[in-house]
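Enquirer: Protein sequences appear in the order of chains L and P. Counting in this note's numbering, the first sequence runs from 391 upward without gaps. Counting in this note's numbering, the second sequence runs from 391 upward without gaps. We treat Cβ as the ideally placed atom computed from N, Cα and C, and that holds for glycine.
2 protein chains.
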Amino acid sequence: MRVEHPSPDRRRPYPDDIFVGAVDAQFLIGDEARDLRLNEITFRDGARNKLHTHTTDQILIVTAGQGIVATEHEEREIATGDIVHIPAGERHWHGAKPGADMTHLAILGAGKTYVVADDRPAD
Amino acid sequence: MRVEHPSPDRRRPYPDDIFVGAVDAQFLIGDEARDLRLNEITFRDGARNKLHTHTTDQILIVTAGQGIVATEHEEREIATGDIVHIPAGERHWHGAKPGADMTHLAILGAGKTYVVADDRPAD
Numbered sequence: 391m392r393v394e395h396p397s398p399d400r401r402r403p404y405p406d407d408i409f410v411g412a413v414d415a416q417f418l419i420g421d422e423a424r425d426l427r428l429n430e431i432t433f434r435d436g437a438r439n440k441l442h443t444h445t446t447d448q449i450l451i452v453t454a455g456q457g458i459v460a461t462e463h464e465e466r467e468i469a470t471g472d473i474v475h476i477p478a479g480e481r482h483w484h485g486a487k488p489g490a491d492m493t494h495l496a497i498l499g500a501g502k503t504y505v506v507a508d509d510r511p512a513d
Numbered sequence: 391m392r393v394e395h396p397s398p399d400r401r402r403p404y405p406d407d408i409f410v411g412a413v414d415a416q417f418l419i420g421d422e423a424r425d426l427r428l429n430e431i432t433f434r435d436g437a438r439n440k441l442h443t444h445t446t447d448q449i450l451i452v453t454a455g456q457g458i459v460a461t462e463h464e465e466r467e468i469a470t471g472d473i474v475h476i477p478a479g480e481r482h483w484h485g486a487k488p489g490a491d492m493t494h495l496a497i498l499g500a501g502k503t504y505v506v507a508d509d510r511p512a513d
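1) List the residues of chain L that P/Val505 touches, going by C-beta distances under 9 angstroms, in chain order.
2) For P/Asp399, which of helix, strand or coil comes out of DSSP?
3) Answer yes or no: does any C-beta atom of chain P fall closer than 8 angstroms to that of L/Met391?
4) Name the one or two DSSP bridge partners that L/Thr446 has.
5) Chain P beta carbons: is any one of them nearer than 8 angstroms to that of L/Pro477?
6) Would the region 475–483 of chain P count as touching the region 441–451 of chain P if we require 3 or more Cβ pairs under 8 angstroms?
7) Alpha carbon to alpha carbon, how far is P/Ile468 from L/Pro477?
8) Hey, is the region 407–415 of chain L in contact with the region 449–464 of chain P, meaning 3+ C-beta pairs nearer than 8 angstroms?
9) Out of curiosity, what's the CA-to-CA distance linking P/Arg438 and L/Pro488?
10) Thinking C-beta only, is L/Ala486 closer than 8 angstroms to L/Arg424?
11) Between which two residues does the beta strand (DSSP E) carrying P/Thr432 extend?
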């Protein structure tokens, strides 16, 4: 077993085509694990990711700030303590509310992530 | 997608042969999910579970109190904010420190849990 403790000191800028805006990340459980992955993502100043899917379920656990999680059909505000389940294959996006920051833990099974070419958030 | 918010009001006593002592639980992501499960467990007054294994990786996220996570080879104190990864098949147990309470989120892939017949925690 391994015990981790996410810390603001361990956040690093994480530029990636999936994001719109500035995002920091720390990777806590990675490919050394067989079934589960966990990272901490901080969306800064309204940053978010683009519409995407995973081939596995995802769980988001909000640990700070105020954010949004959305599918093509609905958009929900989320804040500290909220837990989101996104089924495998569901098109969705998440990030900070405009003008705010949001940090969440993101947990995935072993699988792949695909950005939807036509990035059109729910509205 | 579904947004949940664990609340002390939704905790219910959860007697089960796997536990030693009084435990409350709320089940937040269950069999309706394909790949992931999530529940919140509160170990009261030193309660813990018996030595057990899962057929899937497990992640524990401590949200309150002071606890212990152990394998047959080591014992670690854990507190709020700690994240534990337990690989599939590893014999382990977790619970509150003696005299304390501890609440954690527990995340599993789809799989089974087995209590080890000879419950002998690390010492």
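Expert: In terms of the structure at hand:
1) Position 115 of the second sequence, counting from 1, holds the residue named residue 505 of chain P. Chain L residues near P/Val505: none, gap ~18 angstroms exceeds 9 angstroms.
2) If you number the second sequence from 1, residue 399 of chain P lands on position 9. Helix at P/Asp399.
3) If you number the first sequence from 1, residue 391 of chain L lands on position 1. Yes, its Cβ sits closer than 8 angstroms to a Cβ of chain P.
4) Here residue 446 of chain L corresponds to residue number 56 of the first sequence, with the count starting at 1. Residue pairing of L/Thr446 in beta bridges, as defined by DSSP: absent, with no partner found.
5) In the first sequence, the residue the question calls residue 477 of chain L occupies position 87. So, interface residue.
6) yes
7) Walking along the second sequence from the start, residue 468 of chain P turns up at place 78. Walking along the first sequence from the start, residue 477 of chain L turns up at place 87. Taking the straight line joining both Cα atoms gives about 30 angstroms.
8) no
9) As a first step, residue 438 of chain P must be located in the second sequence, where it is residue number 48. As a first step, residue 488 of chain L must be located in the first sequence, where it is residue number 98. Each residue's Cα considered, the two are about 43 angstroms apart.
10) As a position in the first sequence, residue 424 of chain L is number 34, starting the count at 1. As a position in the first sequence, residue 486 of chain L is number 96, starting the count at 1. Not a contact, by the Cβ cut-off of 8 angstroms.
11) Along the second sequence, one-based indexing puts residue 432 of chain P at 42. Here the beta strand (DSSP E) through P/Thr432 covers 426–439.
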